[in-house]
Each structure stands twice: as C-alpha cells, then as structure tokens.
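A.B. asks: Take the sequence shown: its letters are residues 1 to 441, numbered as in the UniProt record's numbering. Yeah, the Cβ is synthetic: ideal placement off N, Cα and C, and Gly gets one too.
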Amino acid sequence: MPGAAPGAPAFPPVPRIDCEGALMLTAEQNGLLTQTDAGTPMGELMRRYWIPITIADRIVAGGAPLPIKILGEALVVFRSPSGEAGLMAESCPHRNASLALARNEDCGLRCLYHAWLVAPDGRVLETPPEPPEVNLSDKFKHPAYPCREAGGIVWAYLGREEAMPEFPEWIFEPYDDDKIYATNAFQDCNWLQGLEGDLDAQHGPYLHYTDDEAHTQDGLQNRANEYIHDQRPKVAAARRPWGLQTVFRYLHKDGKAATYWIHPFVMPFFTFFESNLLDTEGALMHAWVPATDESHWVWSVLFSESAMTDDYLEFVDRTRGYGMTDPANNWRVTAFTGEGVGYEQDRALMASGRSFSGIEGILQQDLAIQYSMGPVSDRTREHLTSGDIAIVQVRKYLLDTLAAVGDGEPAPGTKPGSQEGIVFEALTAEPDASMRELAAR
Ligand code: FES
Ligand SMILES: [Fe+2]
C-alpha cells in the first residue's frame, strides 16, 4: 500500500506493552519493531524522517526510472531531463502498468500503456486517450514524495506533509562532497538484524577474529588492540534526545588501557563511528533502511578529513563499504550472488586457527550471520545476557518511542537543533573509566 491512505489516523494505535525489565521480546513486540509497511506503527514512525533512497549516480537525467522498494512500497526513483530527482509509486494510477517502463519526459513520467503523464508531485497532467475536457489533475494524486540530494545520496520524505522535519543537513555540513563516499547493498533479511549487528559489542573477538598476520595483510593491524583480543567487552547505553548513546569498552592486550567506542544510534536507523582507516581521519555512518519486512538496504557512508585516494577507496570497498555489489542482482554483495549457501566458508582456514569463522572479510562475516537468522529473526526464542545490553536498550527505546509518538509526542530528533551534542569517537583511556559518564556526554 503506497503512502498513508487519505483520512487514515495520523499514527496507528500502538498496543500497550509493559517492557519494564523485560529482556526477551514477545511475538507482538517483535512484530512492532520489524514491520514497516504503511499503516504499521514502526512504518509510520520511520516515515517521520528523511530516508536515504539510492546512490545519486544510479539515476541519469532523462534516463530509465529505477524500481525500488522502500518501507514496503514499490516505487520508482528517477531523474528528470533537467536533473531533478523524483520518487513515486511504481504502478501507474490508470491500470497499474509499471512506471519503471515509462518515458522520462520534461514534465514527469509518461506511462507506456495509454500515455498518461504523471508529474513528480503526483498530479496526473495528461490523459491523452480521453476527451480534452477531462482533467484529473485536481481529482486525486498519485503517491509521490519530495526528494533532496546530499552526500551523493538521493533522500526522500515518505510521510505526512505536516510532520516533515528539516532535512538532516548536520550530517553533511562538515564535509565537502568530494570527501564523502556513499555505498549501499541490498540484504535479504529484516532491517533490525542489520542494526542489531552494529550494536552487538560481543561478536568482534569471535566472528571477526583473524590472526595478526591476516590483520597486517588487510591493513587492519590498528584494529588488533581495539577489539579482537578482548573477549569480554563491556557495554553501556544512555537515552538521548536523538536516540541512544552506546559505549563499548575493549581492554587492550596488555590490560593497561582500553579503547572506548562511543557509538550513537540516531533515530530512526542510523549509527555513527569515528573512522581512521589507513590513518585517514573521518567518520562512518551506517543506516538500515527497510525495503520490505524481509529485506533492507544497508548503507555505509564514509566522511573523510582529507582527499580520498583510489587506494583508500579500494580499501574501503573491501573492508568497510559496499562497493563490491552486483547491479544486475539488485546490488547484493558480489560474494553472495553465486550459490549463496555456505558463504564461501573455508573449513581448512578455520581449522588452522587463523580465522574464527573461515569466512573471508568482515563485511561478509556480518552478512552471513544476519542472513543465517532467517528473513525475520524470531526474537521470542533468544536468551539474552548482560553483554547484549545495547541491543536490549535499543529495542526498549524503540518500543517506548512508538508508544510516545502514538500519544502525540514528536518523533525524537526531528525538532530543529535536536541533533546537537551527538558524539562519536574511539577513545583510549584507563581501563576503569566510567562507562556511564561516557554514555551521558
Ligand atoms: S496503465 Fe498507465 S496509462 Fe494506462
Ligand atoms: Fe560485525
């Protein structure tokens, strides 16, 4: 169902769930967190924010509209002959032919079937087979959404006009366009599995373990002290006006210092890290944008203080970005476009002790795990522990936020200036620094 139906309530009723102290989710809570079609509480909450839709250069002025699913809506994203990005429902308002086939004309998309012309704002401007006096432009609007471009990304707002927040300029303001590198990939599992992978402090020293020699080859030796060797990381989280601040502590090998990752979750699906890949200072933004309830777009956007060289970009694609994707397979990660089973797991490498997983590459390791949980992980069957605190806290935060927005509160982080004070860094300090204070900064 594209967009909010006319006359639909501003926010759907949210079932009252007491999650005080609860670690395990009920099936109802899992559904609330994972279902994002129009008309669902989480779907309507996400529609209160600007959403990254596609990489800007995937659409060409006057070229083919690109079919894409976002929050369960089948859409086309396109660039007009004059260069403006547009986003509208894929199926033609006349008789549902796909507008991915449409002619891309000066005034909008013209359906191939009977030549109806739909403007980027959703008005039907022409219906050529009808008598000239027929005018549908003020009778109804085809679902169409405002777009913006920033950081090499096309963004759109899919919600109600009256709730539209300011565009999140704060993400991009500190960086010139040539110091931002945006990549994304399509993943065949629910968005929350991706986000929770980012908030899972414990998996680094296990899933991502490779020996020091492999780190050196991979240019990742600076990470060895950060998380590979501490098998019992500590975690803290604190609520903030824009989301949840999380802190992960990884004790160094010698036990004399620790690295604290201060790592915010920003509504509705972003996380930020400090990034110093190959000694280039910068930041990394992740986003998990639902496509359907059983798939999502994962974004990795790198912001750099200095110019990005080809070597640097190649390294990023291999280790932190999603540059290795297959456009012919809807931008799924290349390594998974073959049989897709087993994730090229090398049992001999695993047995050698040089790799815990036997899977090559941090990105592939994370994807394999997230896929292996199934399209929508059944969280009623989990057994969580204290190390899962950031995951528990983000679930509670999202459930509380759904209830608050259902009661008429504004969506967190949508008021102007409410992103002030978002801190993300990797801090080296003594091992007993106060996690609570770091999370509250
Ligand atoms: S189906 Fe598109 S114009 Fe008829
Ligand atoms: Fe990971």
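Note the first and the last residue of the continuous beta strand (DSSP E) segment covering Leu-199.
C.D. replies: First-last for Leu-199: undefined, no H or E at that position.
A.B. asks: Any heavy atom of ligand 1 inside 6 Å of the beta-carbon of Trp-288?
C.D. replies: The answer is no for Trp-288.
A.B. asks: Hey, could you find the ends of the alpha helix (DSSP H) Ile-389 is sitting in?
C.D. replies: Here the alpha helix (DSSP H) through Ile-389 covers 389 to 406.
A.B. asks: Shorter than 6 Å, the distance from the beta carbon of Asp-326 to the closest heavy atom of ligand 2, or not?
C.D. replies: The answer is no for Asp-326.
A.B. asks: Flag this pair as touching only if the stretch 387 to 402 and the stretch 240 to 257 have three or more C-beta atom pairs under 8 Å; answer yes or no.
C.D. replies: Yes, the stretch 387 to 402 is in contact with the stretch 240 to 257.
A.B. asks: What is the DSSP secondary structure of Val-341, reduced to helix, strand or coil?
C.D. replies: Reliability of the predicted coordinates at Val-341 is poor, the pLDDT of 48 falling under 50, and the value obtained from them is presented with this limitation in mind. Val-341 falls in the coil class under three-state DSSP.
A.B. asks: Can you list, in chain order, the residues of its chain whose CB lies under 8 Å from that of Ala-426, leaving out five sequence neighbours each side?
C.D. replies: Cβ within range, chain order: Glu-226, Thr-259, Tyr-260, Trp-261, Ile-262, Phe-273, Glu-274, Asn-276.
A.B. asks: Count the other CB atoms, across all protein chains shown, that sit within 10 Å of the CB of Asp-200; report buried if there are 16 or more and exposed otherwise.
C.D. replies: Answer is buried; the Cβ neighbour count reaches 16.
A.B. asks: Can you list the residues near ligand 1, meaning Cβ strictly closer than 5 Å to any non-hydrogen atom, in the order they appear in the chain?
C.D. replies: Going along the chain, the residues that qualify are Cys-92, His-94, Arg-95, Ala-97, Cys-111, Tyr-113, His-114, Trp-116.
A.B. asks: Taking its Cβ as the centre, do 16 or more other Cβ atoms sit within 10 Å of Glu-310, making it buried, or is it exposed?
C.D. replies: With the sequence shown as reference, residue 310 is identified as Asp, and Glu is not the correct amino acid for it. Asp-310 comes out exposed.
A.B. asks: If you drop the 5 nearest sequence neighbours on each side, which residues of the same chain put their C-beta closer than 7 Å to that of Met-435?
C.D. replies: Counting only Cβ-Cβ distances below 7 Å, and skipping sequence neighbours, we find Lys-234, Ala-236, Val-247, Arg-249.
A.B. asks: Assuming Gly-413 and Pro-205 are in contact, meaning their beta carbons sit under 8 Å apart, how far apart are those beta carbons, in whole angstroms?
C.D. replies: The Cβ separation is near 32 Å, so there is no contact.
A.B. asks: Assuming Tyr-49 contacts Met-285 (C-beta within less than 8 Å), just tell me the rounded distance between them.
C.D. replies: About 14 Å; that fails the 8 Å criterion.
A.B. asks: Looking at the secondary structure, which residues open and close the beta strand (DSSP E) in which Arg-148 lies?
C.D. replies: It spans 147 to 150 - the beta strand (DSSP E) in which Arg-148 sits, taken as one unbroken run.
A.B. asks: For Lys-234, list the residues DSSP reports as bridge partners.
C.D. replies: Bridge partners of Lys-234: Arg-249.
A.B. asks: From which residue to which residue does the beta strand (DSSP E) around Asn-184 run?
C.D. replies: Residues 180 to 187.
A.B. asks: Give the DSSP bridge partners of Met-285, in chain order.
C.D. replies: Paired residue(s): Phe-272, Val-301.
A.B. asks: Here's the rule: buried if 16 or more other CB atoms are within 10 angstroms of the residue's CB, otherwise exposed. What is Phe-140?
C.D. replies: Looking at its Cβ environment, which holds fewer than 16 other Cβ atoms inside 10 Å, Phe-140 is exposed.
A.B. asks: Can you tell me where the alpha helix (DSSP H) with Pro-41 in it begins and where it stops?
C.D. replies: Where Pro-41 is concerned, the enclosing alpha helix (DSSP H) stretches over 41 to 46.
A.B. asks: Where does Asp-176 fall in DSSP's three states?
C.D. replies: Note: Asp-176 maps to coil in three-state DSSP.
A.B. asks: I think Ala-56 touches Glu-149, with their Cβ atoms under 8 Å apart; what is that distance to the nearest whole Å?
C.D. replies: Going by Cβ atoms, the distance from Ala-56 to Glu-149 rounds to 6 Å, so yes, they are a contact pair.
A.B. asks: Pro-174: buried (16+ other C-beta within 10 angstroms of its C-beta) or exposed?
C.D. replies: So Pro-174 counts as exposed.
A.B. asks: Can you tell me which of Cys-111, Glu-169, Pro-131, Ile-53 puts its alpha carbon nearest to the alpha carbon of Tyr-145?
C.D. replies: Answer by Cα proximity: Ile-53.
A.B. asks: Give a yes or no on whether the C-beta atoms belonging to Asn-190 and Thr-401 are separated by under 7 Å.
C.D. replies: No, they are not a contact pair.
A.B. asks: Quick check: is any heavy atom of ligand 4 less than 6 Å from the C-beta of Asp-366?
C.D. replies: For the structure depicted, ligand 4 is absent and the ligand set comprises only ligand 1 and ligand 2.
A.B. asks: Along the beta strand (DSSP E) that carries Tyr-260, what are the first and last residues, could you check?
C.D. replies: Note, Tyr-260: beta strand (DSSP E), 258 to 266.
A.B. asks: Considering only residues of the same chain and omitting the five flanking positions on each side of Ile-51, which have a CB-CB separation below 8 Å?
C.D. replies: These residues qualify, in order along the chain: Ile-70, Leu-71, Trp-155, Ala-156, Tyr-157, Leu-158, Val-289.
A.B. asks: Between Ser-80 and Glu-90, which are expected to be in contact by the criterion C-beta below 8 Å, what is the C-beta distance as a whole number of angstroms?
C.D. replies: About 17 Å; that fails the 8 Å criterion.
A.B. asks: Can you pull the DSSP bridge partners for Trp-155?
C.D. replies: Note: Trp-155 sits in a beta bridge opposite Pro-52, Arg-148.
A.B. asks: Taking Gly-152 as the reference, which of Glu-166, Asp-176, Gln-231 has the closest Cα?
C.D. replies: Of Glu-166, Asp-176, Gln-231, the residue nearest in Cα terms is Asp-176.
A.B. asks: Between the beta-carbon of Gln-187 and the beta-carbon of Val-298, is there less than 7 Å?
C.D. replies: Closer than 7 Å, so yes.
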